[in-house]
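Residue numbering for the sequence shown is 1 to 103, as defined by the UniProt record's numbering. For reference, the structure is listed below as structure tokens.
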Amino acid sequence: MIEVIDPERCTNCGLCAQVYPMNVFTLRPDGFPVIADKVSCQTCFQCETYCPADALFVDPSRSTERLVPGNGGDADLASLREKDFLGRHRDAVGWRRTKTTTH
Numbered sequence: 001m002i003e004v005i006d007p008e009r010c011t012n013c014g015l016c017a018q019v020y021p022m023n024v025f026t027l028r029p030d031g032f033p034v035i036a037d038k039v040s041c042q043t044c045f046q047c048e049t050y051c052p053a054d055a056l057f058v059d060p061s062r063s064t065e066r067l068v069p070g071n072g073g074d075a076d077l078a079s080l081r082e083k084d085f086l087g088r089h090r091d092a093v094g095w096r097r098t099k100t101t102t103h
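Structure (structure tokens):
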């Protein structure tokens, strides 16, 4: 399930919203993606795979049950950065990671 968009890495390109047909993301006027419908995420990794800035994290172990209050919160962004988990699916499919961008 889609868990995190790193605002420091995201370049507001909108690819995550373009490649995923389930309307999980909406784009703000400035182009920054917002996770609008987390429950519709099919954990297909398309958004994470196509993100050129490695700004997304999709957790294959998360389910809608974890969205119930008291069953755990969102993934910790600092921990994901430290463990280099953001964009890791690009490596899994053999796509070389791009240099991450911060702004």
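Each residue gets a CB set at the ideal place from its N, CA and C atoms; glycine is no exception. Bear in mind that the values here come from a model prediction, so they are computed numbers and not experimental data.
Expected contact under 8 Å - CB spacing of residue i and residue j to nearest Å
i, j, result
"residue 47", "residue 58", "7 Å"
"residue 9", "residue 53", "5 Å"
Per-residue burial, residue i [other beta carbons within 10 Å of its own, 16 or more giving buried]
i, result
"residue 28", "exposed"
"residue 1", "buried"
"residue 31", "exposed"
"residue 3", "buried"
"residue 6", "buried"
"residue 87", "buried"
Span of the alpha helix (DSSP H), counted from its first residue to its last, around residue i
i, result
"residue 86", "Premise fails: residue 86 is in no alpha helix (DSSP H) and is neither H nor E."
Checklist entry - Curious, which full-length alpha helix (DSSP H) runs of at least 4 residues does the UniProt domain "4Fe-4S ferredoxin-type" (31 to 61) contain? => result Here the runs fully enclosed are 46 to 50.
Next on the checklist: Going residue by residue through the UniProt domain "4Fe-4S ferredoxin-type" (1 to 30), where are the continuous alpha helix (DSSP H) segments of at least 4 residues, counting only ones entirely within it?
Outcome noted: The UniProt domain "4Fe-4S ferredoxin-type" (1 to 30) contains these whole alpha helix (DSSP H) runs: 15 to 19.
Next on the checklist: Pairs of beta-carbons, one from the region 10 to 30 and one from the region 79 to 93, closer than 8 Å: are there three or more?
Outcome noted: The region 10 to 30 is not in contact with the region 79 to 93.
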